[in-house]
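Q: My structure is below; once you've seen it, I'll send some questions.
What follows is the structure in structure tokens.
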């Protein structure tokens, strides 16, 4: 057995093909939803991992002094296998090793025009950067919410009312007193603040009396708008970035910034994917799939292997080989069919061996008598020679008859592969047989109006002639021979019944085998060679028909021939 063609390898190939097909379907659906390319990947839920990492960096930077920000990034460098940088939206590097922004990366970082930041200055930088006349009490107002991952808190800008804005809600710290009503125009004394318990920064305003904080939450898809990926050729590297809001503890305003990761091979780090987890998941799916299918395939392979071994033994002539087991499925039924085939082959081979032995015996007997007659002829007197010559002629005639029947039997077995079966009308055949045997036995015939069958006229005539001859030999004096035919569905059933003594019931199953004769007829005067019914069976089977013999309850033997009817 070639390993490449085994059931195990085929099953493994099908499992791998199935998993690959699922991956292709997921890939197609993913591209249909988010598009193609790295940018689409960042906009998908996979990009949330970048935001999570950026949030963690932002929280750690928020808790550290400004001078230690680069050291904080180094810890994340080791953790994720990349280099991290922090740049403001104006292109100023805030943390990380020195890096000159490549043009493609600078275009991404500096792509936002003045006034888009969350303040009143040109880039939303808070006090002192707003229009003339705005004092330092005017903290950051509402800039585009996509600069923050968690939302903006604004209160205190004159004339600004956020209560009707979408995604607007009020949050209260548990230890603060109840809030006072919100005023469109807030008194002086406001200062910038943030909530240290949050994973990322939040912009807020706190009044000395009223501790109410109002928050604006952006649409969830705004997170994806802040992500980007840039590939540069010199140096050959990938830059992955996302927007965050940082706080300089020396000032009271947020710094809209970008956390940027630098890697020369995006597949060899855990920035976008945890490939170890993905590899573990894929391996687990493959192993579980194999463990799920392995017992089923193993049972099939074991059964097929047993079938192969037994059929090979049968092909080698060991017809006693059998398939063991009690499977109830198709393989079990196949095993039963192989066992039946082996039994039939065993019977067939045994019949052939017995046939050869019977032929040898039947030919040896007349040859022995012929040899004895020749010896007697040599030593006899001339006046006795004519009697010995007569005996020799009788033995020769007997051998001739035997050989003729053997040839008829052999030809009947070969005719199915040599001749094409045609439409045959049985009425002319029975008319010829009646005219031939009517002087030896009373024959009554009742045929169906349509008695045409599929077969060969010569074989059918020979088989019917042998049946009538046997009936005359064993039941000629007992009564009439009755021949009837009738249609049963698509078949024509021909019954030939005599009124003789019949045969012993235990010998019925052997009738039709070559050289088999019931004990009471095994003599040269009353019985032939035992080839008559064997020739009948062979001829009828060559015409795609069947022969069944049975004893009649009132006495006699019934021979029923079933042939395919043709109209």
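Numbering (the working numbering), first residue to last: -16 to 550.
The C-beta atom is built at its ideal place from N, Cα and C for all residues, glycine as well.
As the structure is a computational prediction, the values presented were derived from the model and not from experiment.
(1) What distance in whole Å lies between the Cβ atoms of residue 322 and residue 302, which are believed to be in contact at a cut-off of 8 angstroms?
(2) Exposed or buried, residue 108, counting other C-beta atoms within 10 Å across all chains shown (16 or more means buried)?
(3) Tell me the rounded alpha-carbon separation between residue 494 and residue 501.
(4) Hey, out of 226, 229, 246, whose CA is closest to residue 216's CA?
(5) Drop a sphere of 10 angstroms on the beta-carbon of residue 65, count the other beta-carbons inside from all chains shown, and report buried for 16 or more, exposed for fewer.
(6) Quick one: grab the DSSP three-state call for residue 238.
(7) So what does DSSP say about residue 381, is it helix, strand or coil?
(8) With 16 other CB atoms within 10 Å as the buried threshold, where does residue 539 fall?
(9) Would you call the CB atoms of residue 211 and residue 93 closer than 8 angstroms?
(10) Distance check for residue 76 and residue 165, CA to CA, integer angstroms please.
(11) Can you find the residues in the same chain that come closer than 6 angstroms, C-beta to C-beta, to residue 426, ignoring five residues on each side of it along the sequence?
(12) Please classify residue 303: does DSSP put it in a helix, a strand, or coil?
(13) Contact defined as beta carbons within less than 8 angstroms: I believe residue 44 pairs with residue 55. What is the distance between those atoms, to the nearest angstrom?
(14) Rounded C-beta distance between residue 497 and residue 338? I'm assuming under 8 angstroms.
(15) Please look up how many angstroms separate the CB atoms of residue -6 and residue 280, rounded, as I've assumed it's under 8 angstroms.
(16) In terms of alpha-carbon separation, which member of 72, 435, 28 lies closest to residue 237?
(17) May I ask you to report which of helix, strand or coil DSSP gives residue 492?
(18) Select from 423, 221, 532, 409 the residue whose C-alpha is nearest the C-alpha of residue 430.
(19) At the level of alpha carbons, what is the spacing between residue 319 and residue 7?
(20) By how many angstroms is the C-alpha of residue 486 removed from the C-alpha of residue 537?
(21) Would you please state the rounded distance, in angstroms, between the beta carbons of residue 277 and residue -2? I believe it to be under 8 angstroms.
(22) Which of the three DSSP states, helix, strand or coil, is assigned to residue 467?
(23) Taking 8 angstroms as the threshold (C-beta atoms), are residue 438 and residue 407 in contact?
(24) Taking DSSP as the reference, what is the three-state secondary structure of residue 538?
(25) Short of 6 angstroms in beta carbon distance, which residues of its chain neighbour residue 314, apart from the five on each side in sequence? Order them along the chain.
(26) Name, in chain order, the residues that DSSP records as bridge partners for residue 78.
(27) Are the Cβ atoms of residue 547 and residue 534 separated by less than 8 angstroms?
(28) By a C-beta neighbour count over all protein chains shown, 10 Å radius and 16 as the cutoff for buried, is residue 264 buried or exposed?
(29) Determine the DSSP secondary structure at residue 437, reduced to helix, strand or coil.
(30) Which first and last residues belong to the alpha helix (DSSP H) in which residue 310 is found?
(31) Helix, strand or coil for residue 543, going by three-state DSSP, please let me know.
(32) If you draw a straight line from the C-alpha of residue 353 to the C-alpha of residue 381, how long is it?
(33) How big is the Cα-Cα spacing for residue 482 and residue 542?
(34) Using three-state DSSP, classify residue 548 as helix, strand or coil.
(35) In whole angstroms, what separates the C-alpha of residue 345 from that of residue 385?
(36) Can you name, in chain order, every residue of its own chain whose Cβ lies under 7 angstroms from the Cβ of residue 394, other than the five neighbours on each side?
A: According to the structure shown:
(1) The Cβ separation is near 11 angstroms, so there is no contact.
(2) Legend: pLDDT at residue 108 = 39, less than 50; position of this residue unreliable, value from coordinates given subsequently. So residue 108 counts as buried.
(3) 8 angstroms
(4) 246
(5) buried
(6) strand
(7) helix
(8) buried
(9) no
(10) Annotation note: pLDDT 37 at residue 165 (below 50); position unreliable, no value reported.
(11) 417, 464
(12) coil
(13) 6 angstroms
(14) 5 angstroms
(15) 5 angstroms
(16) 72
(17) helix
(18) 409
(19) 43 angstroms
(20) 13 angstroms
(21) Actually they are not in contact, since the Cβ atoms of residue 277 and residue -2 sit about 10 angstroms apart, beyond 8 angstroms.
(22) strand
(23) yes
(24) coil
(25) 286
(26) 69
(27) no
(28) exposed
(29) strand
(30) Careful: residue 310 lies outside any alpha helix (DSSP H) and carries neither H nor E.
(31) strand
(32) 11 angstroms
(33) 12 angstroms
(34) strand
(35) 8 angstroms
(36) none
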